[in-house]
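Engineer:
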Ligand SMILES: [Zn+2]
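Residue numbers (our numbering): 8 to 634.
#1: Starting from the N-terminal side, write out each stretch of the beta strand (DSSP E) that is 3 residues or longer and does not extend beyond the segment 80-114.
#2: Closest by CA to residue 434, which one among 229, 623, 63?
#3: Under 9 Å, do residue 168 and residue 196 count as touching if we go by C-beta distance?
#4: Going by the C-beta, is residue 321 closer than 8 Å to any heavy atom of ligand 1?
#5: Drop a sphere of 10 angstroms on the beta-carbon of residue 411, count the other beta-carbons inside from all chains shown, and report buried for 16 or more, exposed for fewer.
#6: Identify every residue that forms a DSSP beta bridge with residue 126.
#7: How do the segment 345-353 and the segment 418-425 stand: do at least 3 beta-carbon pairs fall below 8 Å, yes or no?
#8: Under 8 Å, with one C-beta from each stretch per pair, do the segment 377-385 and the segment 494-512 reach the 3-pair mark?
#9: Going by C-alpha distance, which of 315, 556, 217, 338 is nearest residue 79?
#10: Hey, is residue 420 close to ligand 1, as in C-beta under 8 Å from one of its heavy atoms?
#11: To the nearest angstrom, report how far apart residue 374 and residue 563 are at their CA atoms.
#12: Name the DSSP bridge partner or partners of residue 589?
#13: Answer yes if the segment 144-154 comes into contact with the segment 63-82, meaning at least three C-beta pairs across the two stretches below 8 Å, and no otherwise.
#14: Let me know the secondary structure DSSP gives residue 576 once reduced to three states.
#15: Between which two residues does the alpha helix (DSSP H) harbouring residue 467 extend?
#16: Per DSSP, which residues does residue 171 bridge with? Please list them.
#17: Would you mind giving the Cβ-Cβ distance between residue 612 and residue 509, rounded to the nearest angstrom? I have them listed as a contact below 8 Å.
#18: Flag residue 351 as yes when its Cβ comes closer than 8 Å to any non-hydrogen atom of ligand 1, and as no otherwise.
#19: Distance check for residue 371 and residue 171, CA to CA, integer angstroms please.
#20: By the three-class DSSP mapping on this structure, what secondary structure does residue 212 have?
#21: Strictly by DSSP, which residues pair up with residue 56?
#22: In whole angstroms, what is the alpha-carbon distance linking residue 105 and residue 457?
#23: Is the CB-CB distance between residue 460 and residue 325 below 9 Å?
#24: Sort 573, 225, 180, 45 by Cα distance to residue 128 and report the nearest one.
#25: So for residue 218, helix, strand or coil by DSSP?
#26: CB residue 490 to CB residue 388, shorter than 9 Å?
#27: Is residue 74 near ligand 1, with its Cβ less than 8 Å from a heavy atom?
#28: Between the C-alpha atoms of residue 29 and residue 72, what's the straight-line distance to the nearest angstrom?
#29: Which residues does DSSP list as the beta-bridge partners of residue 615?
#30: Could you give the DSSP three-state label for residue 262: helix, strand or coil?
#31: At a cut-off of 8 Å, is residue 282 close to ligand 1 when judged by its beta-carbon and the heavy atoms of the ligand?
#32: What's the C-alpha gap between residue 124 and residue 61?
#33: Take the Cβ of residue 544 as the centre, count every other Cβ of all protein chains shown within 10 Å, and call the residue buried at 16 or more, exposed below.
#34: What is the DSSP secondary structure of residue 501, reduced to helix, strand or coil?
#35: Need the endpoints of the beta strand (DSSP E) that residue 481 sits in, please.
#36: Is it the case that the CB of residue 371 approaches a heavy atom of ligand 1 more closely than 8 Å?
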């Protein structure tokens, strides 16, 4: 047993002894009913019957939300709070320090209090941007609509949940249905842990797709809801890809840690974009027309494989600092480069192995990721580990100066680190072992119902050494803690490729530029710019930065002519055979100025190029594990 884990267990033991001082539930379930009929106007109405004893009690609203890794419980949306006992109102008070905590005095002779709350769901759906409901769709995350007694372990509290849906809407969830009466649904009682881990999606336009063959277990189902009926048309090719995704995860991990699995997939331009992982489901929102439009299909290909891979990497195996006993206990995100970084790597590899991405698309995406990270000026001062500790500050910020501040880089940089680990294992063992073997050892084991097996940095190193002996601790400490060096491109080199730049568009960047209506000159001039001329970000140290440009300024004209992406592209090309700087007329909040950008190196779009004298390990990595 490692020292960090021992300290953690001591801590949990201390925590457990505190909660035995205040056992207010006596093993009884909290009844929770959520009226979702107002979902189209983004307000949910919840009622709870909470077993209680007389005297002062404290109820809490979930604060630290699993998968968000930060105190993102939507407390600002919690409204209409009313408490009663035997029909008489009870006065409650919010804690003066902890806004997520409420105190109430229960009168003598009372064994249950009634608590009603509303959740305004116009923002922060499942920790993502945007609303949880629309005219046709809703997403219920139970943490937004409930209170529970302070100090208990979420495993030890039972909820008996039920919902009322808008008339005629159909739903999907991993929860077990006890009874359906019209638009009322009663679910079987579950622990608070399982409840918060089991969101419900519902909609007017709904389709259920079986991904497992009849009689095969565990059952995998895709529950789709969309803005319109036509968005639900899944092609036979996509159906085959998602079926293959299920098979590929079985072959990769060698065990499944759930009784059944629901892919809850919302296709919408109206509700907030997010992907949130759970043990027995994932709650993912992708653009409407994702199943119909090849560009959207490519851009969103990694989403569902990523969230599905989390069932093993993140939910079953979880960093000890993120395996907290309830939702008020702060999380420690130091190992998010494993939790999210390895999942990013596996998600994209699984997307390719399943046929959701082609080899060429996979490589273009990897090239773009590597180029973006290689231009992160902020790695001069901020280590990757510091991005994991800063998740609550970095998560919802805009793109201005993101290259200097850095962002949630443990996702994409984790992908590069785990590619490097995979290529080293393959080199060290002459192709006999790979990261697939690590995953089987680390995430496999016995199949069965969901549970959490926490791990530390040392556990990762230990299993890597079992897979292939190497100085993993040194390599990973360097990758996670170092500052002032370029992006870790060793995995690209080690797998027989190199990152190059030329004037051919990168598939992924080109698709994103068209979709999000911006033009990207990040790796040439040093900025990306919106269609209205607004600079999104300016890379510190780039020619544009040296000239004095910054994000938020607005580009008006290029060499004396009104700006457009086409004109700027043509100017960059022409500048290669000119010794004159590029003159950019820029508006900075009502004031105009011309900036001279000294740049003659042409367009720079990232791609991967084969290194012919090295074996193509990337091709081996991308080979499906199933026929
Ligand atoms: Zn994730």
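Positions of the beta carbon are idealized from the N, C-alpha and C atoms, including for glycine.
Structural biologist: According to the structure data:
#1: DSSP runs (the beta strand (DSSP E)) wholly in the segment 80-114: 85-92, 95-97, 99-101, 108-113.
#2: Residue 623 is the option with its Cα nearest to residue 434.
#3: Yes. Within cutoff.
#4: In this structure, residue 321 has its beta carbon less than 8 Å from a heavy atom of ligand 1.
#5: Its Cβ being crowded by 16 or more others within 10 Å, residue 411 is buried.
#6: Residue 126 is bridged to 51, 85.
#7: With the cut-off at 8 Å, the segment 345-353 and the segment 418-425 touch.
#8: The segment 377-385, when compared against the segment 494-512, does touch it at the 8 Å Cβ threshold.
#9: The candidate whose alpha carbon is nearest that of residue 79 is 338.
#10: At a cut-off of 8 Å, the beta-carbon of residue 420 does not count as near ligand 1: no heavy atom of the ligand is closer than that.
#11: One C-alpha to the other measures close to 31 Å.
#12: Per DSSP, the beta bridge partners of residue 589 are 604.
#13: The segment 144-154 and the segment 63-82 touch, with three or more beta-carbon pairs separated by less than 8 Å.
#14: Here residue 576 sits in helix by DSSP.
#15: According to the DSSP assignment, residue 467 belongs to the alpha helix (DSSP H) that extends over 464-474.
#16: Listed as beta-bridge partners of residue 171 by DSSP are 42, 191.
#17: Here residue 612 really is in contact with residue 509; their C-beta atoms are around 6 Å apart, less than 8 Å.
#18: For residue 351, the shortest separation between its Cβ and any heavy atom of ligand 1 lies below 8 Å.
#19: Each residue's alpha carbon lies about 46 Å from the other.
#20: DSSP places residue 212 within a strand segment (E or B) once states are collapsed to three.
#21: Assignment of beta-bridge partners to residue 56 by DSSP yields 38, 121.
#22: For residue 105 and residue 457, the distance between alpha carbons rounds to 32 Å.
#23: Here residue 460 is near residue 325, since their CB atoms are less than 9 Å apart.
#24: Ranked by Cα distance from residue 128, the first of 573, 225, 180, 45 is 45.
#25: In the three-state DSSP reduction, residue 218 falls in the coil class, being neither helix nor strand.
#26: At the C-beta level, residue 490 and residue 388 come within 9 Å of one another.
#27: Ligand 1 approaches residue 74 closely enough that one of its heavy atoms is under 8 Å from the residue's Cβ.
#28: Its pLDDT being 39, under 50, residue 29 is placed unreliably by the model, and the measurement read from it follows with that caveat. Rounded to whole angstroms, residue 29 to residue 72 spans 24 Å at the Cα level.
#29: In DSSP, residue 615 forms a bridge with 506.
#30: Residue 262: coil per DSSP, three-state reduction.
#31: In this structure, residue 282 has its CB closer than 8 Å to one or more heavy atoms of ligand 1.
#32: About 22 Å.
#33: Counting C-beta atoms within 10 angstroms of its own C-beta, residue 544 has 16 or more neighbours from the protein chains shown and is therefore classed as buried.
#34: DSSP places residue 501 in helix when its eight states are reduced to three.
#35: From DSSP, residue 481 is part of no beta strand (DSSP E) but of the alpha helix (DSSP H) over 479-488.
#36: Remark: the shortest separation between the CB of residue 371 and any heavy atom of ligand 1 does not fall under 8 Å.
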